[in-house]
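Q: Protein chains in written order, with my numbering: chain A, 253 to 555; chain B, 1122 to 1249. Don't be surprised by glycine CBs; every beta carbon is placed ideally from N, CA and C.
(1) How is the alpha helix (DSSP H) around residue 392 of chain A delimited, first residue to last?
(2) Any idea what DSSP makes of residue 480 of chain A, helix, strand or coil?
(3) Could you check the C-alpha separation between residue 449 of chain A and residue 498 of chain A for me, to the nearest Å?
(4) In three-state terms, what does DSSP make of residue 1252 of chain B?
(5) Grab the span of the alpha helix (DSSP H) containing residue 430 of chain A for me, first residue to last.
(6) Residue 1163 of chain B touches chain A at which residues, Cβ-Cβ below 8 Å?
(7) Between the region 350-369 of chain A and the region 311-323 of chain A, do at least 3 Cβ pairs fall closer than 8 Å?
(8) Mind pulling the chain A residues with CB within less than 8 Å of residue 1167 of chain B?
(9) When you compare each of B:1231, B:1190 and B:1234 to residue 1146 of chain B by their alpha carbons, which one comes out closest?
(10) Answer yes if the region 509-516 of chain A comes into contact with the region 478-498 of chain A, meaning at least three C-beta pairs across the two stretches below 8 Å, and no otherwise.
(11) Go through its chain and collect everything with a Cβ distance to residue 551 of chain A's Cβ below 8 Å, but skip five positions before and after it.
(12) Pop quiz: residue 1141 of chain B and residue 1197 of chain B are said to be a contact at Cβ under 8 Å. What is the actual Cβ separation, rounded to whole angstroms?
(13) Is the shortest distance between the beta-carbon of residue 1159 of chain B and the beta-carbons of chain A less than 9 Å?
(14) Residue 446 of chain A and residue 411 of chain A - do their beta-carbons sit closer together than 9 Å?
(15) Quick check: the Cα distance between residue 1220 of chain B and residue 531 of chain A, rounded to an integer number of angstroms?
(16) Can you give me the C-alpha to C-alpha distance between residue 347 of chain A and residue 473 of chain A, rounded to a whole angstrom?
(17) Please compile the residues from chain B whose C-beta is within a distance smaller than 8 Å of the C-beta of residue 435 of chain A.
(18) Strictly below 8 Å CB to CB, what residues from chain A border residue 1129 of chain B?
(19) Going straight from the alpha carbon of residue 350 of chain A to that of residue 386 of chain A, what length do you get?
(20) May I have a chain-ordered list of the alpha helix (DSSP H) segments no shorter than 4 residues that lie completely inside the region 461-541 of chain A?
(21) Looking at the unbroken alpha helix (DSSP H) that takes in residue 1222 of chain B, where does it start and where does it end?
(22) Roughly how many angstroms lie between the CA atoms of residue 266 of chain A and residue 310 of chain A, to the nearest whole one?
(23) Taking the continuous beta strand (DSSP E) assigned at residue 418 of chain A, which residues delimit it?
(24) CA-CA distance, residue 398 of chain A and residue 284 of chain A?
(25) I'd like to know whether the C-beta of residue 1193 of chain B is nearer than 9 Å to at least one C-beta of chain A.
(26) Is the Cβ of residue 1150 of chain B closer than 9 Å to any Cβ of chain A?
(27) Are residue 454 of chain A and residue 1181 of chain B closer than 9 Å when you measure CB to CB?
(28) Could you give the distance in angstroms between the alpha-carbon of residue 255 of chain A and the alpha-carbon of residue 1162 of chain B?
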C-alpha cells in the first residue's frame, strides 16, 4: 500500500473560486469537491478552463477570489501539500541539456512514493531513449516521459493534463492499462483531463465537465452513461413519444427522426418499444457534445 | 465486448453469471478479483466491484475474508431458474413481435423452430 496522507476528507475542496486574466474570466465562481481514491475525468472544450483550474489547485497560480483546500490545506507554497502532488502537463519544460535519465533520477527527490522498478518497466514499454537530449525527443517520446513520471510517482493526488500529445494509439492504450492496474494496486486520487472522451470513458468513476469557466456537470460516470438515450423511428411516432420530455438533440432524414432525450426508465423503454421505436445508447462523448452544444445555442439566442 | 446501452456493472454481473451457468466457475470455486476484471475489461475497478457486489447481494457469490470471492453452492441452479423465468420476456416477446411484423403466424413459427433445431448451426451448436 502506498503511503497516502492521513487526511480523511476530500482530496480537493474548491469554494467559489474565480480567476480572471484582465477582463477575461477563466474560472467563474466554481465550487467543486474531488473525492479521494477515485479516477476523475476533467472534460471540456479548448479554453474551457481545465488547465487554469488545475494550475490553481496545484498552487501554480493565485486565484482572484475563492478558497482552495488540498488535503485540507492551502496549496500555495505549502510543502506538505505539494510533495503529495504530481501535475503532468501537456508542455512540461525541462532544464537545458536534460536527458530522460536525469528526469527519472531526480524524480525520487520530489516524490516519496517513487517506484524505480515500475519506472524502468514503463521506460522499456514506452521505448523511451534514456540518453538522448530531451530537446531531441519526438513529441510522443516527450509525452511518454511525462506519463511515466505521473504513474511511477504514485503521488496521492495526480493530475494528467492532456498527457498524450503525439502518443500513438498503442502507447495510449498502454497508458490506460498501466494506470488502471497501478490504481487498483495503489489507490490514489487521479484527475485526467482530455479531449479523447470515448477512449477514457470506462476508466472514469466521476466526470466533471467544465465549460466557459463553469462546472456544467459533476456526476458519477455510471449514472451519466445511462442518462440519455436516442430514440429513432418514424417522425410522427418519435414526436409523439418525446413530447413533454427533456430533448437534448434532434436530427431528421426524410420521414425518419432521431431525437436524444434524457433519462428513460424501464417503463419508458417498454412504451417506446411498443410504439415501434428503436432506442440507441448515447456515449459519454456524445452526451457532452450535446450538453455543451445546448449551452452555446442558448447563449446565442439570449444574446 | 462492453455494450454502450447498459450500465457496465450490470454487464459485468451478467458475464459472470454466464460463466457460472456454463460451468466455468463451479460451486465453491474462486472467481477472478475485482482488479482482474477491471484490467481485463479496461474499466474502473469501482465499476467492476459494483458488478460483483450485485452478485453478492443476490447470494450468487460470497466473500471469504482476505482471500476473495467464491461461487455459492446452488448458485448455478438458481441462475438457470432466474434466466428461465426471464426467457419469455427477453427472447420470446421480441421473436413474436418480429414474426408478427413479417406475417409469420405462431404455427409457422413453431415449424421454423423445429426445423432450425434439427439443422446443425453453422457457427456453434447450442448443446456443444
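A: By the coordinates alone:
(1) 391-404
(2) strand
(3) 23 Å
(4) For chain B, the structure presents residues 1122 to 1249; residue 1252 of chain B sits outside this window and is missing.
(5) 421-437
(6) 428, 429, 432, 454 and 455
(7) no
(8) 290 and 457
(9) B:1190
(10) yes
(11) Unreliable placement is indicated for residue 551 of chain A, whose pLDDT of 40 sits below 50; the coordinate value is still reported in the next sentence. Excluding sequence neighbours, residue 551 of chain A sits near nothing in its chain.
(12) 5 Å
(13) yes
(14) no
(15) 20 Å
(16) 39 Å
(17) 1166
(18) 454, 474 and 477
(19) 6 Å
(20) 473-477, 487-494 and 518-526
(21) 1214-1222
(22) 12 Å
(23) Unbroken run through residue 418 of chain A: none, as it is neither H nor E.
(24) 26 Å
(25) no
(26) no
(27) no
(28) At residue 255 of chain A, the pLDDT of 45 sits below 50, so the modelled position is not reliable and the matter cannot be decided from this model.
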